[in-house]
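First comes the structure, then the notes that go with it.
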Amino acid sequence: MAVKQPELVDKDYRYGFHDQTASYAFKARKGIDHDIVEQISVMKNEPLWMREFRHKSLDIFFAKQMPPWANLDLLGEIHFDDIYYYMRASDVEGKTWEEVPEDIKRTFDRLGIPEAERKFLGGVTAQYDSEVVYHSIRKDLEDQGVFFSDMDTGLREHEDIVREHFATVIPPADNKFSALNSAVWSGGSFIWVPPGVHISVPLQAYFRINAESMGQFERTLIIAEPGSFVHYIEGCTAPTYSSNSLHSAVVELIAKEGAHIRYTTIQNWYKNIFNLVTKRAIAQKNAHVEWVDGNIGSKLTMKYPSVYLMGEGAKGEVLSIAYAANGQHQDAGSKMVHAAPNTTSIITSKSVSKGGGRTTYRGLVKVYEGCDGVKSNVRCDALLMDAESRSDTYPTMEIDAKDVRIEHEATVSKVGEEQLFYVMSRGLTEVEATTMIVNGFFEPFVKELPMEYAVELNRLIALEMEGSVG
Amino acid sequence: MADLILELKDVHVSVGETEIIRGIDLTIERGTVHALMGPNGSGKSSLSLALMGHPKYRVTRGEARFEGRNILEMSPNERSLAGMFLCFQYPSAVPGVSVANFMRNTLMARHKGAAPLTPAKFKSLLDDATKRLKMDPAVLGRYVNDGFSGGEKKRLEMMQMLVLKPTLAILDETDSGLDIDALKVIAAGIEAYRSPEHAVLLITHYQRILNYVKPDVVHVLVKGQIVQEGGFELAERLESGGYDPFTKDLVEA
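The listed protein sequences correspond, in order, to chains A and B.
Residue numbers for the first sequence follow this note's numbering, beginning at 1033 and rising by one.
Residue numbers for the second sequence follow this note's numbering, beginning at 31 and rising by one.
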């Protein structure tokens, strides 16, 4: 019997359409070696230091093992020789949507990106497979000296800033997938906010994988100079193919003295995507970094947004939700590293598993010796929708200072028969009642989102609940 | 012919293997208030949960009709939309869902296909109910029953009843654990709900609330069976003599 994707899943995922790839401007052959890396770098006309960085990173990738604690059964399904590492659909990057090729424009129209841009965004990049196909920034932000572009443009136009900060937060050798990204990265966002500039509207990047068996390796670097503020939002979707694709990003944030970065992710990849992402921030004196991280899609996500609190008074926060349905494993969490006194961290993680889905919380709070006055609060709540689903929690604490306040609380609960009956007794169907309970569980996350995203997330959860109740 | 809201014939209810209700006949007419009284463990709450369709409280024998419809074939939400309502003795919390949002959803479930409820109408419905029950309007922004005191939970149950205006309200010990002022507020709520169109099944251990809400009929439930029926005077007798005489009768019988 032929193996087929379950129909139900396809029907519920409204982003599952795709464009033809025959007309692509450039497609590297499948597989990964130094020739491919050379080809990417030459095509991008990169400076020599970056080319060497890529080659070194590839050697590290070859040498590194998969993390032994990971879900190796699922990771074993990735065939690195069967992936396209670079594909460019178009040779132009549009500054207006009219300049974007018609079928790609239609794709982003269907995803609602131009509409969101008009309504409430300060700037947008839209990445389609390996390259950014559209980019815009509001004129007033440009006038204030804000740089917001794709990473390749950032490297071309601001090489000094990029070279000073690139890979300083996440070195290639951090893990196998950060090494792979460092070797073949393409696209992603580069943001530099001048001292004291507050960007009041969010900047958004949208990542779309279109081609089958594609690897998307965007690279994002956000630098907030002293006293500045930026809110960056990213969203992601992919077509429903039966073969797996790989998304492996590296995101580095640098919040300098008194700066504030908020980074929001709504990850809704299709359930054939391996989403293996390294995200880390450095928070200097009195800086504040927030990761607001929502994981709804993908086959396997491994993502642990981290904050290294390097200066006194720095604050790191992670607020994350994960939803895992049948065939999905959301392995997520956070790391907070307190390397200065009087630093604060808060981790709030909420996960829902349903229909045999699996969620894992993996977290680390580390306090270095002499870092007195540290406060950390970790809270993980897991909600199981049925007996087949699974949730595991692996919190690690390494505390080497004396005068610290560390709180940790973890709960696992089931959607109770009593709770469900109570809501149903007020006239809601089982699906409506379950949706309400799950949305309520996610509410602390949802209320941190801009309204448009909150509405979309609630709608996604309603769709997921319809999928398998009853 | 009498306008029957609820008709129970030889209803038996089991939880697991244990039979809790052992054959009950009960009819409630439109416009009446029935009190169902009984000692702890007599099966009062089990009966109310079974009537609302709780999956653990299975009706194993007998018939149960609401306005002529067989409710045993209906899910809890269908019973609710048909016009039945249960004031829970121990209502569940729904964290993350505000009272206002919860009420909007319950009302929307009733407006499917009908004219949508305007925000102004919605607001006035909720404001009227909270005012009548002397509730802090801030309750609308709090999460349903999350961190509520016992008294606050009872009031929220009553508030839902006043907003949803069911045909039959089953009040499961809504009077228990309340001080006299709170009891008066709850009684006033029941009186406000009481009308020739509605019916009430008031389940209680104590006669106290019946001083404020006069029942038309009183039933005494002991060990899963109705052992006595009468008017208000029966409740008064229970107040002075307790349930012991009835328990004895049953043992001797």
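By construction, the Cβ of each residue, glycine as well, lies at the ideal position given by its N, Cα and C atoms.
This structure is a prediction, so every number in the text was calculated from the model and none was measured.
Decide if residue i is buried, meaning its Cβ has at least 16 other Cβ atoms within 10 Å, or exposed.
i	result
Leu-36/B	buried
Ala-199/B	buried
Arg-1491/A	exposed
Asp-1432/A	exposed
Thr-1443/A	exposed
Glu-263/B	exposed
Asp-205/B	buried
Thr-160/B	buried
Ile-1286/A	buried
Asp-274/B	exposed
Gly-1155/A	buried
Glu-282/B	For Glu-282/B, the pLDDT reaches just 45, beneath the cut-off of 50, and the residue's location in the model is therefore unreliable, leaving the point undetermined.
Glu-1131/A	exposed
Ile-210/B	exposed
Thr-48/B	exposed
Phe-1473/A	buried
Lys-244/B	exposed
His-1230/A	exposed
Lys-1036/A	At Lys-1036/A, the pLDDT of 40 sits below 50, so the modelled position is not reliable and the matter cannot be decided from this model.
Leu-251/B	buried
Lys-151/B	exposed
Leu-1104/A	exposed
Gly-113/B	buried
Pro-1038/A	Summary for Pro-1038/A: the model assigns pLDDT 39, below 50, so the residue's position carries little reliability; its value from the coordinates is reported in the next sentence. Per the 10 Å Cβ criterion, exposed.
Ala-1034/A	Because the pLDDT of Ala-1034/A is 40, which lies under 50, any placement of that residue in the model is unreliable, and the question is left without a value.
Ser-225/B	exposed
Met-1429/A	exposed
Just to confirm the assignment, what range does the beta strand (DSSP E) spanning residue i have?
i	result
Val-1124/A	Element bounds for Val-1124/A: n/a, residue is neither H nor E.
Glu-1131/A	Looking at the DSSP string, Glu-1131/A is not in any beta strand (DSSP E), and its letter there is neither H nor E.
Pro-125/B	124-128
Gly-1186/A	Careful: Gly-1186/A lies outside any beta strand (DSSP E), inside the alpha helix (DSSP H) at 1183-1189.
Gly-271/B	No beta strand (DSSP E) contains Gly-271/B, which is instead part of the alpha helix (DSSP H) from 262-271.
Leu-1351/A	1347-1356
His-1263/A	1261-1269
Ala-55/B	Reading off the sequence, residue 55/B comes out as Asp, not Ala. 48-59 is the span of the beta strand (DSSP E), which, as asked, contains Asp-55/B.
Met-114/B	114-117
Thr-1392/A	1390-1399
Ala-1364/A	1361-1370
For residue i, go through chain B and note every residue whose CB falls closer than 8 Å to its CB, in chain order.
i	result
Asn-1471/A	Gly-126 and Val-127
Considering just the uninterrupted stretch of the alpha helix (DSSP H) at residue i, what are its terminal residues?
i	result
Gln-1071/A	1066-1075
His-141/B	Premise fails: His-141/B is in no alpha helix (DSSP H) and is neither H nor E.
Leu-1104/A	1104-1107
Met-1098/A	Premise fails: Met-1098/A is in no alpha helix (DSSP H) and is neither H nor E.
Ser-1381/A	Taken as a continuous stretch (DSSP letters only), Ser-1381/A belongs to no alpha helix (DSSP H), being part of the beta strand (DSSP E) at 1376-1385.
Please list the partners that residue i has in chain A, where partner means a Cβ-to-Cβ separation under 7 Å.
i	result
Phe-296/B	Since the first residue shown for chain B is 31 and the last is 283, residue 296/B is missing from the structure and cannot be characterised.
Leu-111/B	Gly-1459
Cβ closer than 9 Å: which chain B residues qualify as neighbours of residue i?
i	result
Gly-1448/A	Ser-122
Taking C-beta pairs closer than 9 Å, name the residues in chain A that residue i reaches, listed in chain order.
i	result
His-84/B	Glu-1449, Glu-1450, Phe-1453 and Ser-1457
Arg-140/B	Gly-1459
Since residue i meets chain B, which of its residues come closer than 7 Å, beta carbon to beta carbon?
i	result
Thr-1461/A	Asn-107
List the residues of chain A that residue i touches, going by C-beta distances under 8 Å, in chain order.
i	result
Thr-136/B	Arg-1458, Gly-1459 and Leu-1460
Chain E beta carbons: is any one of them nearer than 9 Å to that of residue i?
i	result
Phe-178/B	Among the protein chains in the structure shown, which are A and B, there is no chain E.
With a threshold of 8 Å, establish whether the CB of residue i neighbours any heavy atom of the ligand ATP.
i	result
Ser-1181/A	Annotation note on the ligand ATP: not contained in the displayed structure, which lists no ligands.
In chain order, each beta strand (DSSP E) run of at least 3 residues that lies wholly inside the segment 1284-1331 of chain A: 1292-1299, 1305-1315 and 1320-1327
3-residue-minimum beta strand (DSSP E) runs that sit fully inside the segment 61-89 of chain B, ordered along the chain: Listed in chain order, the complete beta strand (DSSP E) runs (minimum 3 residues) inside the segment 61-89 of chain B are 63-67.
Beta strand (DSSP E) runs wholly inside the segment 171-251 of chain B, at least 3 long, in chain order: Listed in chain order, the complete beta strand (DSSP E) runs (minimum 3 residues) inside the segment 171-251 of chain B are 198-202 and 229-234.
Where the segment 187-207 of chain B meets chain A: residues whose CB sits under 9 Å from a CB there: Gln-190 and Leu-194
Inside the segment 1455-1490 of chain A only - beta strand (DSSP E) runs reaching at least 3 residues: none
Interface positions of the segment 37-49 of chain B facing chain A (Cβ-Cβ less than 8 Å), listed along the chain: none
Against chain B: residues of the segment 1464-1492 of chain A by CB proximity under 8 Å: Glu-1464, Ala-1465, Met-1468, Ile-1469, Asn-1471, Gly-1472, Phe-1473, Phe-1474, Glu-1475 and Pro-1476
Ranges of the beta strand (DSSP E) found wholly within the segment 1414-1452 of chain A, counting only runs of at least 3: 1422-1431 and 1436-1446
4 or more residues per run - each alpha helix (DSSP H) lying fully within the segment 1177-1243 of chain A: The segment 1177-1243 of chain A is shown to contain whole alpha helix (DSSP H) runs of 4 or more residues at 1183-1189, 1191-1197 and 1208-1216, in chain order.
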